[in-house]
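Encoded as structure tokens, the structure appears first; notes follow it.
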Amino acid sequence: MKPIEQAPFLTEMRLSAANMYRLGWDERNGGNISLLIDREQAAEYLDLNQSLRTIPLGFYAPELAGKIFLVTGTGKYFKNVADDPETNLGVIRVAPNGRDAELLWGYRDGGRFTSELPAHFMSHRARLAVDAGNRVIMHCHPTHTLAMNYVHPLEDKAFTHTLWKMCTECIVVFPDGVGVLPWMLCGTNEIGEATAKKMADYRLVVWGMHGIYGAGKTMDETFGLIETVEKAAQIYMLTAHLPRVNTITDPQLRELAEFFGVNYRKDFLDE
Ligand code: 2HA
Ligand code: ZN
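Residue numbers (the numbering used here): 2 to 272.
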């Protein structure tokens, strides 16, 4: 078996957490990431016959039984992930009963997975149903996206349409748009279910006045989705209070989407 420090999935997670912290998206213990790891890849670095302890999931996820995830720890700081992954991260496998997690590595100080695991697992389930290649669910608190939540209607079409108009490439990067949830209590199965429902249609879901969820095949893809929304929200916040002189029109958005051949939400354009 190879040392887990050499595992590409661990390196990716360490680099992503550090990058997100550096961008100010994950203050204190804000944010969480879960990465689905193929069994064969996990077996190169971990003894899959040995579980360190069992942790109840707190919800029922029979469809994910046997699946292995690298998950950030509850109460842990993204700032510290890169230097001490074994304390701040864990590798868990969903037990055959669909109700427990078997800890295979990590959470060294007796910790456990993020309190947002219901939203992560329910979102994995929802995204895997539309795209068998989905691997990553990522949550964070990007500053401008959050700021925009206070001054813009929290509604899928309106929010997406505004973001698309802020940067030329937005409609190409997230043609499926952004789902938006109202403010809800976080850490609950209810917000998990609401997030997963949106994830059936969107790879991006805003949690009103809290943050954002992204889903994708790779860490780069998922990070890139959130990064693009955050850039558009930044442009919005820099210009929302100024007289509008120029704009990207709906026909121009359509022209872009058609030129790049993306399957965009046509009902999210007005003209
Ligand atoms: O775990 O971001 O939503 C910290 C959070 C909760
Ligand atoms: Zn959060």
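Positions of the beta carbon are idealized from the N, C-alpha and C atoms, including for glycine.
If you're wondering where the values come from, they're calculated on a predicted model, not measured in any experiment.
Cβ of residue i within 7 Å of any heavy atom in the ligand 2HA?
i: residue 140; result: yes
i: residue 116; result: yes
i: residue 135; result: no
i: residue 150; result: no
i: residue 32; result: yes
Is it the case that the Cβ atoms of residue i and residue j are separated by a distance below 8 Å?
i: residue 145; j: residue 214; result: no
i: residue 114; j: residue 72; result: yes
i: residue 92; j: residue 105; result: yes
i: residue 55; j: residue 112; result: no
i: residue 180; j: residue 157; result: yes
i: residue 27; j: residue 142; result: yes
i: residue 182; j: residue 195; result: yes
i: residue 274; j: residue 38; result: Absent from the structure is residue 274, since the part of the chain shown begins at 2 and ends at 272.
i: residue 138; j: residue 17; result: no
i: residue 237; j: residue 163; result: yes
i: residue 122; j: residue 62; result: yes
i: residue 257; j: residue 169; result: yes
i: residue 90; j: residue 2; result: no
i: residue 66; j: residue 99; result: yes
i: residue 129; j: residue 58; result: no
i: residue 254; j: residue 165; result: yes
i: residue 241; j: residue 152; result: yes
i: residue 212; j: residue 155; result: no
i: residue 204; j: residue 224; result: no
i: residue 120; j: residue 32; result: no
i: residue 68; j: residue 136; result: no
i: residue 173; j: residue 263; result: yes
i: residue 82; j: residue 19; result: yes
i: residue 124; j: residue 197; result: yes
i: residue 177; j: residue 266; result: yes
May I ask you to check if the CB of residue i is nearer than 7 Å to at least one heavy atom of the ligand ZN?
i: residue 25; result: no
i: residue 162; result: no
i: residue 168; result: no
i: residue 212; result: yes
i: residue 171; result: no
### Message
In chain order, what are the residue ranges of uninterrupted alpha helix (DSSP H) at least 4 long that sit wholly in the segment 44-86?
### Response
Within the segment 44-86, the complete alpha helix (DSSP H) runs of at least 4 residues are 79-82.
Run through the segment 170-195 for me and flag every whole alpha helix (DSSP H) of 4 or more residues, listed as ranges in chain order.
-> Complete alpha helix (DSSP H) runs here, min 4: 171-174.
Practice task
Report the residue ranges of all alpha helix (DSSP H) runs contained in full by the segment 132-174; include only those spanning at least 4 residues, in chain order.
Solution key: 144-149, 157-165, 171-174
Counting only runs that start and end within the segment 188-253, where is the alpha helix (DSSP H) found for 4 or more residues in a row? 190-200, 220-240
If we require 4 or more residues per run, which alpha helix (DSSP H) segments fall completely within the segment 14-47?
40-44
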